[in-house]
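Numbered per my numbering, the sequence shown spans residues 17 to 224. In this text, a Cβ means the ideal position worked out from N, Cα and C, and glycines have one as well.
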Amino acid sequence: MGEQEKLKIFDDNKNLIGVATRSDVHRIGYWHEAFHCWFVSNEQGIDYIYLQLRSNNKKDYPNLLDITAAGHLLADETVEDGVREIKEEIGIDLAFKELIRLGVIDYCVLQEGFIDKELANVFLYKCGNIFDYLTLQVDEVSGIVKTKFIDFAQLWSGEKGEIEISGFKINDVGQKQIIKESVNRDKFVPHQVIFYREVIQKIQEQIR
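Dropping the structure here:
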């Protein structure tokens, strides 16, 4: 797995053109498929969204907040196979039919020596309070937090400069550590702002 895992690659018109290793995909900048699943809950009338804290060991975007569960779709996988990411990363075993399809959102992040051009198959899962049911793949995900959905939306609309998050992380010696802090956009994986706003709009349509 890792940098040598094989991914389907697409041209700028989203036509399938072959297969390449993950390292080449990000070096050359091929479009490739990903699976994203955002968890939301309604607790005592308040909508929350759950975010993962990426492991410090991650090559890409370490120690930043991201989609609840997400990953690349391998060359031999379908979108339905993406549910394995949820089980692998946070230990929640879901059937594909339990997810709400939000559509495919494409986005591009350019950094020095790294071009991330994703065709993201985006899904929503409505859950309860999940903190007691999580088993984290700590080399990928070091923690899970939640924040009020309205605050998350206002952070990316520009109405708020920072928001409160709460949850836990697994520290370097394997102990659970409570998180309760204020964060701004810099604490999040640098997906394009327009990507966050599109996701938020699609989630809003499902939780109204």
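Cβ neighbours of residue i in the same chain (closer than 6 Å, five flanking residues each side left out)
i: F130; result: H42
i: D27; result: I33
i: A107; result: Just to set this straight, residue 107 is Gly in the shown sequence, not Ala. Contacts found: L150, T151.
i: Y212; result: W172
8 Å contact criterion, which residue i and residue j should meet: CB distance rounded
i: H52; j: F139; result: 7 Å
i: K203; j: L118; result: Their Cβ separation, rounded to whole angstroms, is 23 Å, which puts K203 and L118 out of contact at 8 Å.
i: S158; j: S71; result: 5 Å
i: E175; j: S198; result: Actually they do not touch by this definition, with Cβ atoms about 15 Å apart.
i: L67; j: T84; result: 6 Å
i: V205; j: D82; result: 4 Å
Residues that residue i bridges to, as DSSP identifies them
i: L115; result: Beta-bridge pairing links L115 to no other residue.
i: Q127; result: F130
i: H52; result: A86, V138
i: S182; result: K162, K196
i: S39; result: Bridge partners of S39: none, in fact.
i: R70; result: V157
i: Y64; result: S57, K164
i: L81; result: L69, F204
i: I33; result: Beta-bridge pairing links I33 to no other residue.
Span of the alpha helix (DSSP H) around residue i
i: V209; result: 209–223
i: D167; result: 165–173
i: E234; result: It is not possible to answer for residue 234, since the shown part of the chain is limited to 17 through 224.
Close-in-space but distant-in-sequence residues of the same chain around residue i (CB under 8 Å, 5 per side omitted)
i: A111; result: V99
i: A91; result: K22, L23, K24, V35
i: K30; result: W47, D122, L135
i: E114; result: Y141
i: I223; result: V56, N58, D63, K142, F165
i: I219; result: W54, V56, I65, L118, L140, F165
Residues of its chain near residue i, where Cβ-Cβ distance is below 7 Å and the 5 sequence neighbours each way are ignored
i: Q193; result: F184, K185, N187
i: Y64; result: V56, S57, K162, T163, K164, F165
i: D109; result: K103
Residue i (DSSP reduced to helix, strand or coil)
i: Q20; result: helix
i: I121; result: strand
i: Y46; result: coil
i: G144; result: coil
Residue i, enclosing beta strand (DSSP E) - first and last residue
i: R201; result: First-last for R201: undefined, no H or E at that position.
CB contact below 8 Å: residue i versus chain D
i: R100; result: In the displayed structure, chain D is absent; only one protein chain is listed.
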